[in-house]
Amino acid sequence: MNNHKTTQTINSPGSNDLSIVIPVHTRHLPKLLVLINNLYESLQSVKYKWEIVAVVSPLKHTSLKKQKISLSFRKKLHLTYSNNGLSPAAARNIGARRAKGKTILFVDSDMEFNHKTFYKLKKYIYLLESKNPVASIYPNFLKPKEFESQLQRCEFLEDLRSYQSYKDGEYIKTLSGGFCLVRKGVFKKLGGFNERIGASEDREFAAKLINRGYKIIIAEDIKVYHSYPSSLKNILKRKRWHAKGNAKLSYIYPEFFDRPLLKWIKTNIKRIWYAALRLDYIYIFYTMFVITYYTVWFYYYKTKNRALHAKLVNSGELPKRALTMREAMAFSINTDSKNYVSQKKY
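The sequence shown begins at 456 in our numbering and counts up by one.
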């Protein structure tokens, strides 16, 4: 049974230069409407062909059809509804399969753009389409115009610090699913986002790109804004979610994501020292409590993954088979379970 209902309103069957894919949960439809209006203003002046593919789940009576969207804009809008609640990775993959563009831009519903973002994006679209190793870009995430809380400010600073740690000259070894421009042919070749990993599927895709010899270039002139949680409860929820995903990545791609505990401790001490020099007591609290909370969960999940793999090897499986099954073990998924989601291929 097909669980996806598609409303297609683009008349031309031909390909576009850019397909903008937006995964959105039904409860975030108001954010999607704001984003669509933002996109409408930003895309007015561009010369290249574009379309928008919005993947909404789970399916409810509320739909974008009832909302006030410009008629001319509707002609470039695909709406895809799913009966089931989809993970961000699954929603993005569905959107990518619907997309006609040679290049795909994955955008979260809580993103904001500079009015010149898509005008400047043109050169990167053509760069990705040319024959060169660059297959994706990492934008310039700007400081939000205002913070709802001091903890939200700390969360932004931590993401900024994390980004700096992955820089390698003009290139970078990570991606953000919130704004991810990628060559469609490469995305298809690598099997899209991994739907079994839960969190950090964007970083996992970055690792796959790099392992295949592709490059991710830093696009300083592509300026975007991203929303961050402002309450301690939501920040801790985000940290635990990221810890689980990153622990899986450190097990599958240790060359990119595995860090010794001692290095984590030294980094946290440096954070506290720099914050103390600035008398930034909120950031000291953030480091001592929030980052420690994340670190504990990271090593908990990491140890759990190692134990599962050791159990597989000790059960008599051949080492080669153990290696091929390492990913499944790291994800703690039983392939006979009803909850198992196979990696879809294009």
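Heads up, the beta-carbon is just placed ideally off N, CA and C, and yes, glycines get one too.
Q. With distances taken from CA atoms, which of Ser497, Ile549, Leu691, Ile707 is nearest Val479?
A. In the sequence shown, the residue the question calls residue 479 occupies position 24. Out of Ser497, Ile549, Leu691, Ile707, Ile549 has the C-alpha closest to the C-alpha of Val479.
Q: Leaving aside the five residues before and after Arg695 along the sequence, list all residues of the same chain whose C-beta is less than 8 Å from its C-beta, in chain order.
A: For this step, residue 695 is matched to residue 240 along the sequence shown. Answer for Arg695: Tyr748, Tyr749, Trp752, listed in chain order.
Q) How far does the alpha helix (DSSP H) with Pro684 in it reach, from first residue to last? A) Position 229 of the sequence shown, counting from 1, holds the residue named residue 684. That residue, Pro684, is in no alpha helix (DSSP H); it is neither H nor E in DSSP.
Q | Counted within 10 angstroms of its Cβ, other Cβ atoms place Trp728 as buried (16 or more) or exposed | A | In the sequence shown, residue 728 corresponds to position 273, counting from 1. Its Cβ having fewer than 16 others within 10 Å, Trp728 is exposed.
Q: Output the boundary residues of the alpha helix (DSSP H) element that contains Pro485.
A: Taking the sequence shown and counting its residues from 1, the one referred to as residue 485 is at position 30. Residues 484 to 498.
Q: Measure the C-alpha to C-alpha separation of Asp472 and Phe596 and round it to an integer number of angstroms.
A: In the sequence shown, the residue the question calls residue 472 occupies position 17. In the sequence shown, the residue the question calls residue 596 occupies position 141. Between Asp472 and Phe596, the C-alpha separation is close to 24 Å.
(Q) Rounded to whole angstroms, what is the Cα-Cα separation between Ala490 and Ser564? (A) Taking the sequence shown and counting its residues from 1, one reaches residue 490 at position 35. Taking the sequence shown and counting its residues from 1, one reaches residue 564 at position 109. In the sequence under discussion, the amino acid at residue 490 is Leu, which differs from the Ala named in the question. So the alpha carbons of these two residues sit roughly 6 Å apart.
Q. Taking Ala674 as the reference, which of Lys531, Val589, Ala762, His570 has the closest Cα?
A. The residue you call residue 674 lines up with position 219 of the sequence shown. It is Val589.
Q: List the DSSP bridge partners of Ile559.
A: Reading the sequence shown from its first residue, position 104 is the one you call residue 559. For Ile559, which the question treats as bridged, DSSP gives the partners Ser474, Val637.
Q.
Quick check: the Cα distance between Ser542 and Ser631, rounded to an integer number of angstroms?
A. Translated into positions along the sequence shown, residue 542 becomes position 87. Translated into positions along the sequence shown, residue 631 becomes position 176. C-alpha separation (whole angstroms): 16 Å.
Q | Alpha-carbon spacing of Lys622 relative to Lys628, whole angstroms | A | As a working mapping, residue 622 is identified with position 167 in the sequence shown. As a working mapping, residue 628 is identified with position 173 in the sequence shown. Cα-Cα distance, rounded: 7 Å.
Q | Gln607 versus Ser685: straight-line alpha-carbon distance, rounded | A | Residue 607 sits at position 152 when you count from the first residue of the sequence shown. Residue 685 sits at position 230 when you count from the first residue of the sequence shown. Looking at the two C-alpha atoms, the distance is approximately 4 Å.
(Q) Just verifying my parser: in three-state terms, what is the DSSP assignment at Phe596? (A) Stepping through the sequence shown from its first residue, residue 596 is reached at position 141. Phe596: strand per DSSP, three-state reduction.
(Q) So, with DSSP's three-state summary, where would you put Ser631? (A) Translated into positions along the sequence shown, residue 631 becomes position 176. Three-state DSSP puts Ser631 in coil, outside helix and strand.
**Q.** Distance between beta carbons of Tyr680 and Pro599, contact taken as under 8 Å
**A.** In the sequence shown, counting from the first residue as 1, residue 599 sits at position 144. In the sequence shown, counting from the first residue as 1, residue 680 sits at position 225. That belief holds up - the Cβ atoms of Pro599 and Tyr680 are roughly 6 Å apart, short of 8 Å.
Q.
Looking at the secondary structure, which residues open and close the alpha helix (DSSP H) in which Glu567 lies?
A. As a working mapping, residue 567 is identified with position 112 in the sequence shown. Segment 566 to 568 is the beta strand (DSSP E) holding Glu567; no alpha helix (DSSP H) there.
Q.
Leu560 and Val476 - do their beta-carbons sit closer together than 9 Å?
A. Position 21 of the sequence shown, counted from the first residue, corresponds to residue 476. Position 105 of the sequence shown, counted from the first residue, corresponds to residue 560. Yes.
Q) Using the C-alpha atoms, what's the distance from Ser604 back to Lys741? A) For the purposes of this step, residue 741 is taken as residue 286 along the sequence shown, with counting starting at 1. For the purposes of this step, residue 604 is taken as residue 149 along the sequence shown, with counting starting at 1. For clarity, residue 741 is Tyr in the given sequence; the question names Lys instead. When rounded, the distance between both Cα atoms is 12 Å.
Q: Quick one: grab the DSSP three-state call for Val652.
A: On the sequence shown, position 197 is the one that residue 652 refers to. In the sequence on display, residue 652 carries Ile and not Val. Three-state result, Ile652: coil.
Q. Helix, strand or coil: how does DSSP classify Glu506 here?
A. Position 51 of the sequence shown, counted from the first residue, corresponds to residue 506. The answer is strand: DSSP assigns Glu506 an E or B state.
Q: Please confirm if Ile652 has its CB atom under 9 Å from at least one CB of chain B.
A: Absent here is chain B; the protein component of the structure consists of one chain.
Q: Identify every residue that forms a DSSP beta bridge with His480.
A: Translated into positions along the sequence shown, residue 480 becomes position 25. For His480, which the question treats as bridged, DSSP gives the partners Ser512.
**Q.** Ordered list of beta strand (DSSP E) runs contained in the region 667 to 737, each at least 3 residues
**A.** 670 to 681
(Q) Between the alpha carbons of Phe568 and Tyr683, how many angstroms are there, rounded? (A) Counting from one through the sequence shown, the residue named residue 568 turns up at place 113. Counting from one through the sequence shown, the residue named residue 683 turns up at place 228. Straight-line Cα distance between these residues: approximately 15 Å.
Q. Cα separation between Glu625 and Asn538?
A. As a first step, residue 625 is located in the sequence shown; it is residue number 170 there, counting from the start. As a first step, residue 538 is located in the sequence shown; it is residue number 83 there, counting from the start. The straight-line gap from Cα to Cα measures roughly 42 Å.
Q) In this structure, does DSSP put Val589 in helix, strand or coil? A) Residue numbering aside, residue 589 sits at position 134 when the sequence shown is read from its first letter. Of the three classes helix, strand and coil, the one that applies to Val589 here is strand, per DSSP.
(Q) Taking the alpha-carbon of Gly647 as reference, which of Ala551, His533, Lys703, Leu615 has the nearest alpha-carbon? (A) Here residue 647 refers to the residue found at position 192 when the sequence shown is read from its first residue. Closest by alpha carbon: Ala551.
Q) Hey, how far is the Cα of Arg761 from the Cα of Ala509? A) As a working note, residue 761 is residue 306 in the sequence shown. As a working note, residue 509 is residue 54 in the sequence shown. The alpha-carbon atoms of Arg761 and Ala509 are separated by roughly 38 Å.
Q) Is it right to say Phe744 is buried, meaning 16 or more other beta carbons lie within 10 angstroms of its own, or is it exposed? A) The count along the sequence shown starts at 1 and reaches residue 744 at position 289. Counting Cβ neighbours within 10 Å, Phe744 comes out exposed, since fewer than 16 surround it.
Q: Classify Lys622 as helix, strand or coil using the three-state DSSP reduction.
A: Position 167 of the sequence shown, counted from the start, is the residue given in the question as residue 622. Of the three classes helix, strand and coil, the one that applies to Lys622 here is strand, per DSSP.
Q. Would the beta-carbon of Ala702 fall within 9 Å of that of Tyr756?
A. On the sequence shown, position 247 is the one that residue 702 refers to. On the sequence shown, position 301 is the one that residue 756 refers to. A contact, by the Cβ cut-off of 9 Å.
**Q.** Alpha-carbon spacing of Tyr581 relative to Glu659, whole angstroms
**A.** Numbered from 1 along the sequence shown, position 126 holds the residue referred to as residue 581. Numbered from 1 along the sequence shown, position 204 holds the residue referred to as residue 659. Cα to Cα, the separation comes out at about 25 Å.
Q | C-alpha distance - Ile809 paired with Leu717, whole-angstrom precision | A | It is not possible to answer for residue 809, since the shown part of the chain is limited to 456 through 801.
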